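Peer 1: In the working numbering, the protein residues as written are 80 to 184.
Just so you know, even glycine gets a beta-carbon here, dropped at the ideal spot from N, CA and C.
These numbers were taken from a predicted model, which means no experiment stands behind them.
Given below as structure tokens:
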């Protein structure tokens, strides 16, 4: 008797599309729709990525990218200066919101 031997378990899943039962399958044998949760999540992630890739960047995002890598050094320094000031004030706003939430209990 080998204790370390692991038997393969039988997994039965019911297809949400056609209602048929499938054994040890990632896709339905009858309608070919995904029934494994990992496969379903992977397909949904691919759909979300495709939608995000299809959305064009806004003018502000394009402007920020251009300033961040601009060949003229003073413009690049100006960008990082404004960015640092923005982060500083966002940090102060975050602390104020934290203290208000903390005081409210």
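Run the CB neighbour count on residue 150, radius 10 Å, all protein chains shown included, and call it buried at 16 or more, exposed below.
Peer 2: Here residue 150 refers to the residue found at position 71 when the chain shown is read from its first residue. The residue is exposed, with fewer than 16 neighbouring Cβ atoms inside 10 Å.
Peer 1: How is residue 87 classed by DSSP in three states: helix, strand or coil?
Peer 2: Sequence index remark: in the chain shown, residue 87 carries index 8 (1-based). Residue state, collapsed to three classes: coil.
Peer 1: On the premise that residue 135 lies in contact with residue 122, defined as a C-beta separation below 8 Å, what is that separation, rounded to the nearest angstrom?
Peer 2: Translated into positions along the chain shown, residue 122 becomes position 43. Translated into positions along the chain shown, residue 135 becomes position 56. No, residue 122 and residue 135 are not in contact; Cβ-Cβ is about 24 Å, not under 8 Å.
Peer 1: Sorted by chain position, which residues of the same chain lie with C-beta nearer than 6 Å to residue 105's C-beta, five sequence neighbours on each side aside?
Peer 2: As a first step, residue 105 is located in the chain shown; it is residue number 26 there, counting from the start. These residues qualify, in order along the chain: 115 and 118.
Peer 1: How big is the Cα-Cα spacing for residue 99 and residue 129?
Peer 2: Residue mapping note: residue 99 aligns to position 20 of the chain shown, counting from 1. Residue mapping note: residue 129 aligns to position 50 of the chain shown, counting from 1. Approximately 31 Å between the Cα atoms of the pair.
Peer 1: In this structure, how does DSSP classify residue 113 when only helix, strand and coil are distinguished?
Peer 2: In the chain shown, the residue the question calls residue 113 occupies position 34. The answer is strand: DSSP assigns residue 113 an E or B state.
Peer 1: In the DSSP assignment, find the unbroken beta strand (DSSP E) run with residue 102 in it and report its ends.
Peer 2: Here the question's residue 102 lines up with position 23 in the chain shown. Counting along the chain, the beta strand (DSSP E) containing residue 102 begins and ends at 100-102.
Peer 1: Cα separation between residue 133 and residue 157?
Peer 2: Translated into positions along the chain shown, residue 133 becomes position 54. Translated into positions along the chain shown, residue 157 becomes position 78. Taking the straight line from one Cα to the other gives about 31 Å.
Peer 1: Tell me which residue opens and which closes the alpha helix (DSSP H) that residue 151 is part of.
Peer 2: Here residue 151 refers to the residue found at position 72 when the chain shown is read from its first residue. Taken as a continuous stretch (DSSP letters only), residue 151 belongs to no alpha helix (DSSP H), as it is neither H nor E.
Peer 1: Do residue 146 and residue 139 count as a contact pair if the criterion is CB distance below 8 Å?
Peer 2: Start at 1 with the first residue of the chain shown, and residue 139 comes out as number 60. Start at 1 with the first residue of the chain shown, and residue 146 comes out as number 67. Not closer than 8 Å, so no.
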